[in-house]
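This is how it looks when you write it as structure tokens:
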């Protein structure tokens with residue numbers, strides 16, 4: 001077994017030439033522009049290159065933020081991107097006020113161009129559980145309802161508030177497979193890239209709906225998409241931005257002449273800071289800084305300082321903990337402190353907000369929908385979304401360790417005694433006064449190791465430098481110990497071996513803090529989900545029959561990969577009647593935008 005290495009951020013980022021890095025743009029497909037408290041905003045991200053019709057390979061992290069007219073942020077989500085794609089959702093709590101909001105999508109690299117280059121979409125929120133609705137009060141008469149008389153083609157009830165927007169049968173234009181967006185780069189404005197068709201135009205409650213996506217004549221539909229099926233609102237709401245409106249190339253290299261350069265997050269979540277001298281003396285070169293994130297998917301990174309003590313750490317995989325511990329490594333660590341760079345907020349003062357206004361005729365609609373939401377949320381436990389397991393590079397030592405499950409051995413009171421009695425090749429050595437250090441014996445065949453090289457010692461993913469504290473730690477709280485004898489290289493730091501300990505409760509905390517160690521809460525990336533979609537068969541169970549189904553969102557598929565000329569989707573209607581709309585957004589592998597909608601009715 002040879003040396004194991006894990007790479008960290010070690011190149012001088014200060015030398016980056018921004019002119020050599022392509023620009024990028026973000027498109028966000030979201031499920032609705034009107035939400036009530038107790039509902040979900042779902043979104044799917046497309047990060048596109050501004051120099052080619054392809055997904056961007058620059059940023060590995062995107063941000064989605066919802067801001068109010070007062071400039072305050074309702075949420076800020078960090079999304080890891082895979083080949084330019086990501087997804088997320090936000091449950092609207094009762095703490096959010098009624099009002100008009102803007103949904104923003106951007107990357108760190110895009111911040112150099114300013115907010116004007118961010119994706120911006122209008123969203124309005126109605127919170128019926130608050131008495132103050134001032135932000136959405138109408139200033140004019142009821143002009144939102146679009147029922148201005150029966151449509152000459154509409155054979156439905158002319159009093160239906162959806163009016164002429166309802167699909168009414170196979171002869172309705174919206175059901176002739178022409179509800180498509182055109183290819184912006186084609187001289188033929190009617191060239192259809194894709195077509196959506198249904199197995200019927202009118203369905204019953206809890207009935208299966210089959211949707212066929214197929215390529216238009218002479219077109220190519222292979223690509224990445226997101227699909228939403230949702231009940232339409234009986235009045236005008238904000239127009240949704242479509243992929244057909246998106247133009248990634250409408251951008252200049254706007255980083256020129258900027259005093260502040262936002263670095264692209266090319267390998268993952270980028271964390272930066274500075275090492276400072278406590279006595280004001282000049283900083284030595286290449287001070288080592290480590291960061292640990294605990295939890296089941298723990299992560300440890302090490303970086304060296306650059307000019308003026310600056311350091312950068314790349315978190316190259318998703319993580320579940322929202323706390324990180326930063327430490328200075330080495331003998332001189334007591335002479336230094338750590339200062340992390342703050343999150344720099346963008347200036348949203350120039351963001352415009354389109355108006356959505358409440359009128360008295362909406363009262364029954366809001367009351368009914370809020371009741372349905374409460375019922376759906378009450379049954380969430382039987383209709384759960386599921387988290388997609390995290391994927392990312394595992395530590396190189398994980399599969400190479402000798403593991404000791406301590407429950408298989410006689411239990412000893414301290415870690416010190418446990419190492420002596422149970423664990424091979426690991427021992428404690430007195431180094432000065434009453435200070436001890438854990439050591440790992442090197443295999444005789446290992447290559448050169450720097451003098452006094454220490455092992456990497458992790459407890460629940462947290463790097464531990466105070467070995468005295470750990471040696472006296474209650475071993476009955478330790479579940480297992482793993483040992484790697486080989487030299488291990490983590491970024492710029494060489495360790496002689498690795499000792500990994502897992503506690504029974506997974507709650508290890510280092511022994512207090514000092515100037516060279518700080519704990520910092522960080523924004524963790526949003527977990528990917530697989531969204532619940534019920535299946536009703538010909539013989540439903542009694543439990544299923546007793547479970548109400550008041551879903552307004554019938555289907556949300558944020559990551560659809562299409563290959564071939566034709567793709568089939570299916571879902572089931574709910575107990576709600578009325579008009580529903582299917583919306584598909586995305587891009588072909590050739591970079592062409594595809595934006596398709598189709599309506600159907602449930603009776």
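Numbering (my numbering), first residue to last: 1 to 603. Here a beta-carbon is modelled for each residue, glycine too, at the ideal position from N, C-alpha and C. Quick caveat: nothing in here was measured; it's all calculated off a predicted structure.
**Prompt:** For residue 361, does the count of other Cβ atoms within 10 angstroms reach 16, so buried, or fall short, so exposed?
**Reply:** Along the chain shown, one-based indexing puts residue 361 at 361. The residue in question, residue 361, is exposed, as its Cβ has fewer than 16 Cβ neighbours within 10 Å.
**Request:** Determine the DSSP secondary structure at residue 29, reduced to helix, strand or coil.
**Result:** Taking the chain shown and counting its residues from 1, the one referred to as residue 29 is at position 29. In the structure shown, residue 29 falls within a strand segment according to DSSP collapsed to helix, strand and coil.
**Item:** Integer-rounded CB distance, given that residue 105 should sit under 8 Å from residue 68
**Value:** Taking the first residue of the chain shown as position 1, residue 68 is located at position 68. Taking the first residue of the chain shown as position 1, residue 105 is located at position 105. So it is not a contact: roughly 17 Å between Cβ atoms.
**Request:** Compare the C-alpha of residue 227 against each of 58, 402, 338, 533 and name the closest.
**Result:** Position 227 of the chain shown holds residue 227. Considering only alpha carbons, the answer is 533.
**Request:** Could you check if residue 474 is buried or exposed, using at least 16 other CB atoms within 10 Å of its CB as the buried criterion?
**Result:** As a first step, residue 474 must be located in the chain shown, where it is residue number 474. Exposed, because fewer than 16 other Cβ atoms sit within 10 Å of the Cβ of residue 474.
**Asked** Which of the three DSSP states, helix, strand or coil, is assigned to residue 94?
**Response** Sequence index remark: in the chain shown, residue 94 carries index 94 (1-based). Three-state DSSP puts residue 94 in coil, outside helix and strand.
**Prompt:** Under the three-state reduction of DSSP, which class applies to residue 181: helix, strand or coil?
**Reply:** Here the question's residue 181 lines up with position 181 in the chain shown. Here the model assigns residue 181 a pLDDT of 43, short of 50, so the residue's position is not dependable, and the following value carries that caveat. Residue 181: coil per DSSP, three-state reduction.
**Closest by C-alpha distance to residue 592, when choosing among 430, 484, 516, 242** = Taking the chain shown and counting its residues from 1, one reaches residue 592 at position 592. If we check each option's Cα against that of residue 592, 242 comes out closest.
**Request:** Over the uninterrupted alpha helix (DSSP H) stretch that includes residue 355, give me the two end residues.
**Result:** Counting from one through the chain shown, the residue named residue 355 turns up at place 355. Residue 355 -> no alpha helix (DSSP H), and no H or E assigned at all.
**Asked** Which of the three DSSP states, helix, strand or coil, is assigned to residue 305?
**Response** In the chain shown, the residue the question calls residue 305 occupies position 305. Look at residue 305 here: in three-state DSSP terms it is coil, with no helix or strand label.
**Proximal residues to residue 346 (C-beta, below 7 Å), its chain only, five neighbours per side dropped** = Here residue 346 corresponds to residue number 346 of the chain shown, with the count starting at 1. Correct list, in chain order: 111, 115.
**Message:** I'd like to check one pair, residue 472 with residue 414: are the Cβ atoms closer than 7 Å?
**Reply:** Position 414 of the chain shown, counted from the first residue, corresponds to residue 414. Position 472 of the chain shown, counted from the first residue, corresponds to residue 472. Cβ distance < 7 Å, so residue 414 and residue 472 count as in contact.
**Item:** Residue interval of the alpha helix (DSSP H) (run including residue 369)
**Value:** What you label residue 369 is simply residue 369 of the chain shown in a count that begins at 1. 363 to 378 is the extent of the alpha helix (DSSP H) around residue 369.
**Asked** If residue 373 and residue 36 are in contact, beta carbons under 8 Å, what's the gap, nearest whole angstrom?
**Response** Here residue 373 is taken as the residue at index 373 of the chain shown, counted from 1. Here residue 36 is taken as the residue at index 36 of the chain shown, counted from 1. Rounded, the Cβ-Cβ distance is 6 Å, consistent with contact.
**Prompt:** In angstroms, rounded to a whole number, what distance separates the CA positions of residue 295 and residue 355?
**Reply:** Here residue 295 refers to the residue found at position 295 when the chain shown is read from its first residue. Here residue 355 refers to the residue found at position 355 when the chain shown is read from its first residue. Computed Cα separation, rounded: 44 Å.
**Asked** What are the boundary residues of the beta strand (DSSP E) that residue 488 is part of?
**Response** Reading the chain shown from its first residue, position 488 is the one you call residue 488. Here the beta strand (DSSP E) through residue 488 covers 478 to 490.
**Asked** Is there contact between the segment 565 to 573 and the segment 402 to 412, where contact requires at least three CB pairs shorter than 8 Å?
**Response** In this structure the segment 565 to 573 does not lie against the segment 402 to 412, because fewer than three pairs of beta carbons, one per stretch, are closer than 8 Å.
**Asked** alpha helix (DSSP H) containing residue 469: first to last residue?
**Response** Start at 1 with the first residue of the chain shown, and residue 469 comes out as number 469. Here the alpha helix (DSSP H) through residue 469 covers 467 to 471.
**Message:** Could you tell me which whole beta strand (DSSP E) segments of length 3 or greater appear in the segment 386 to 421?
**Reply:** Taken in chain order, the complete beta strand (DSSP E) segments of 3 residues or longer contained in the segment 386 to 421 are 402 to 405.
**Prompt:** From residue 489 to residue 481, what distance separates their C-alpha atoms?
**Reply:** Here the question's residue 489 lines up with position 489 in the chain shown. Here the question's residue 481 lines up with position 481 in the chain shown. Near 20 Å, if we compare the C-alpha coordinates of residue 481 and residue 489.
**Message:** Can you tell me whether residue 595 is buried or exposed? The criterion is at least 16 other CB atoms within 10 Å of its CB, across all chains shown.
**Reply:** Start at 1 with the first residue of the chain shown, and residue 595 comes out as number 595. Buried, because 16 or more other Cβ atoms sit within 10 Å of the Cβ of residue 595.
**Prompt:** Less than 7 Å separating the beta-carbons of residue 311 and residue 344?
**Reply:** Residue mapping note: residue 311 aligns to position 311 of the chain shown, counting from 1. Residue mapping note: residue 344 aligns to position 344 of the chain shown, counting from 1. Contact: no.
**Message:** Considering only their Cβ atoms, is the gap separating residue 440 from residue 619 smaller than 7 Å?
**Reply:** Limits of the chain in this structure are 1 at one end and 603 at the other, which puts residue 619 out of reach.
**Asked** Within 10 angstroms of its Cβ, does residue 248 collect 16 or more other Cβ (buried), or is it exposed?
**Response** Taking the chain shown and counting its residues from 1, the one referred to as residue 248 is at position 248. It counts as buried.
**Request:** Put residue 475 into one of helix, strand or coil per three-state DSSP.
**Result:** To locate residue 475, count along the chain shown from 1; it is residue 475. Helix at residue 475.
**Asked** Which class does residue 167 belong to by DSSP, given the choice of helix, strand or coil?
**Response** Here residue 167 refers to the residue found at position 167 of the chain shown. Unreliable positioning characterises residue 167 in this predicted model, as indicated by a pLDDT of 35, which lies under 50. The coordinate reading is nonetheless provided below. Three-state DSSP puts residue 167 in coil, outside helix and strand.
**Item:** Three-state secondary structure (DSSP) of residue 340
**Value:** Within the chain shown, numbered from 1, the residue matching residue 340 stands at position 340. In the structure shown, residue 340 falls within a strand segment according to DSSP collapsed to helix, strand and coil.
**residue 275 vs residue 287 beta-carbon contact at 7 Å** = The residue labelled residue 275 in the question sits at position 275 within the chain shown. The residue labelled residue 287 in the question sits at position 287 within the chain shown. Closer than 7 Å, so yes.
**residue 587 (DSSP reduced to helix, strand or coil)** = Sequence index remark: in the chain shown, residue 587 carries index 587 (1-based). In the structure shown, the three-state DSSP call for residue 587 is strand.
**Message:** Three Cβ pairs or more, each shorter than 8 Å: is that satisfied between the segment 450 to 470 and the segment 319 to 337?
**Reply:** Contact between the segment 450 to 470 and the segment 319 to 337 is present, because at least three Cβ pairs lie under 8 Å.
**Message:** With H, G and I counted as helix, E and B as strand and the rest as coil, what does DSSP make of residue 240?
**Reply:** For this step, residue 240 is matched to residue 240 along the chain shown. In the structure shown, residue 240 sits in coil (DSSP, three-state: anything other than H, G, I, E or B).
**Prompt:** Distance, Cα to Cα, residue 492 vs residue 306?
**Reply:** Within the chain shown, residue 492 is the residue found at index 492, counting from 1. Within the chain shown, residue 306 is the residue found at index 306, counting from 1. Roughly 12 Å between the two C-alpha positions.
**Prompt:** So who's on the other strand from residue 360, going by DSSP bridges?
**Reply:** The count along the chain shown starts at 1 and reaches residue 360 at position 360. Its beta-bridge partners do not exist; DSSP assigns none.
**Item:** Counterpart residues of residue 311 in DSSP-defined beta bridges
**Value:** As a first step, residue 311 must be located in the chain shown, where it is residue number 311. Per the DSSP secondary-structure output, residue 311 pairs in a beta bridge with 273.
**Message:** Quick check: what's the CA-CA separation for residue 322 versus residue 78?
**Reply:** Your numbering for residue 322 matches position 322 in the chain shown. Your numbering for residue 78 matches position 78 in the chain shown. Answer to the nearest angstrom: the Cα atoms are 12 Å apart.
**Asked** With 16 other CB atoms within 10 Å as the buried threshold, where does residue 273 fall?
**Response** Position 273 of the chain shown, counted from the first residue, corresponds to residue 273. That one is buried.
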